Amino acid sequence: MSAPSGCAAATSECALALELLERSKQAIKSATADLEEAKEISEKAGLSIETSILAPTLPGIAASSGPAGVTGAAAPAYPPILSTTGGYSNVDHFVQSSGDSRADRLAEFKRAYRRRARAETPEQRGEDRWDLPRITGGRRRRIHRDIDQPSAPPEPPTSGYILYIAHMTQKVRHDRPNEHHNQPAVVKEISKIWSYSMSDSDREYYNRFAREAQNEYKQQYREFRATGGYRKSRTFMKLENGKGPWVRIRPEDRNALEREVAGYDTVIFPLRPVTAPKPAWEIHREAVAKRQLEKRQKEEKKLLNDAQ
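Take any residue in the sequence shown, note its place counting from 1, add 2, and you have its number in my numbering.
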C-alpha cells in the first residue's frame, strides 16, 4: 500500500511543479510586455531604459541579455547621489503612486534621471560640495555654483530684521573695541530693541529697504543667468568694498544709523588696539590655559617617573 501512496504523492508534486512553471511563464510574458511598453514610452520622451532602473546588475549576477532585447548594464539600479551619505537621499526613497500605471512609470524614469543628473554636478559630489574641508567641531557651507561665482551679483539681506542686526552689530563693535564681543548675547538685545523699542516707521524703513533690495537683486540675477553679467545697483551698496553691511548709496536717503555706520573708519570688526590693556576675559583665559598646561606637564612627568 505504501508504493501506490508514494507514486500518488510524486504525481501531485509534479503537477504542482508544472503549474508553477506555467505561472512563471505567464509572469515572464507579462513582464516582457510591460518592458516593451516602458521602452516605447521612454523613447517617445527621448530617453532610454538600457541603463535605467529597469535593468539593474545585482551583486553576483553578470549582465546578460534580457527579455525582448533589454540588455543588462554595469550601472547600478540606484546610483549613489552623495558619497558622504552612502548613496542615500533625503526624499528620493519616497515613491508616490497616482494609480495610473503609465504616469507612475514616467515618474520613475524622471526620478532616476534626476538623480543621475544631480550626481554629475560638482556641488553634489563628495567634498566638492563644501567651501572648507571637514574639521571636527568646525562649520562649513554648501557651495552653490552660480551664487558663489565672483562675477555674480551680491545677495542683499532677506528681511529688514537681518539688515538692522547687521547695522547694530557694527555699532556695538565700534563703540566697544576693547571688550569681548558675544554675538548671540548682542543679537538677543538687538532683537528686544527691534520688537519693543523701535517705532513702526523705523521698522518699516528697514523692511522696505529689504524688499526693494531683494527685487533689484532678482532682476540682476536673471540678467546674470542670461548674459553672464549684470548692471550694478544705483540705489544700494555694501560698505568696505563689498564686505560690510548694506546701505543706500545716496547719503540723503539713509537713516541716522546708516549714516553713522557709513562714517566709521572700518566696518570689518576692528581689532583691539595693541596699546589697550587686556580685558578681564582674556586675562582669565590665559590663566586657565597656563594652569592646564602645568597640570598636564606634572602628569607627564609622573608617568615618566613611574615607567623608570
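Think of the CB as a built atom: it goes at the ideal place given N, C-alpha and C, for glycine as much as any other residue. For clarity, every value in this text was computed on a predicted model and none was experimentally measured.
| Check | Outcome |
| --- | --- |
| K190, DSSP secondary structure in three states | helix |
| Test item: CB-CB of E157 and Y219 under 8 Å | yes |
| Three CB pairs or more closer than 8 Å across the stretch 161-174 and the stretch 242-250 | yes |
| CB of G244 within 8 Å of CB of A212, strictly | no |
| When L37, I270 and K297 are compared against H348, the one with the closest alpha-carbon | With the chain running from 3 to 310 in the structure shown, residue 348 is simply not present. |
| Three-way DSSP call (helix, strand, coil) for K280 in this model | coil |
| Closest Cα partner of E181 within the set P279, E110, V189 and S201 | P279 |
| Distance between D204 and V290 (C-alpha atoms, nearest Å) | 45 Å |
| Beta-carbon proximity check, Q222 vs P152, cutoff 8 Å | no |
| Bounding residues of the beta strand (DSSP E) (the contiguous stretch that carries M200) | From DSSP, M200 is part of no beta strand (DSSP E); its letter is neither H nor E. |
| Chain-order list of residues whose beta-carbon lies under 8 Å from that of L18 (same chain, five-residue window excluded) | none |
| Identity of the residue in E296, T268 and V263 nearest K173 by Cα | V263 |
| Inter-residue Cα distance where the pair is A29 and Q216 | 58 Å |
| Pairwise C-alpha distance: D308 and K297 | 17 Å |
| Own chain, CB closer than 7 Å to R236, minus 5 neighbours either side, in chain order | I251 |
| Three-state secondary structure assigned by DSSP to K234 | coil |
| Span separating the alpha-carbon of E301 from that of E191 | 44 Å |
| Length of the line joining the Cα atoms of G230 and R116 | 26 Å |
| Cβ pair R328, A40 closer than 8 Å | No information on residue 328 is available, as it lies outside the stretch 3 to 310 that the chain covers here. |
| Cβ shell of R210 (< 8 Å), same chain only, five flanking positions each side left out | G162 |
| R293 versus K303 - alpha carbon distance | 15 Å |
| Residue nearest to L241 in terms of C-alpha spacing, selected from H286, C16 and R261 | R261 |
| Close Cβ partners of W283 (< 6 Å) along its chain, the five nearest in sequence each way excluded | H182 |
| Under the three-state DSSP convention, the category R256 falls into | coil |
| Counterpart residues of R250 in DSSP-defined beta bridges | F238 |
| Extent of the continuous alpha helix (DSSP H) to which I137 belongs | No alpha helix (DSSP H) holds I137; DSSP gives it neither H nor E. |
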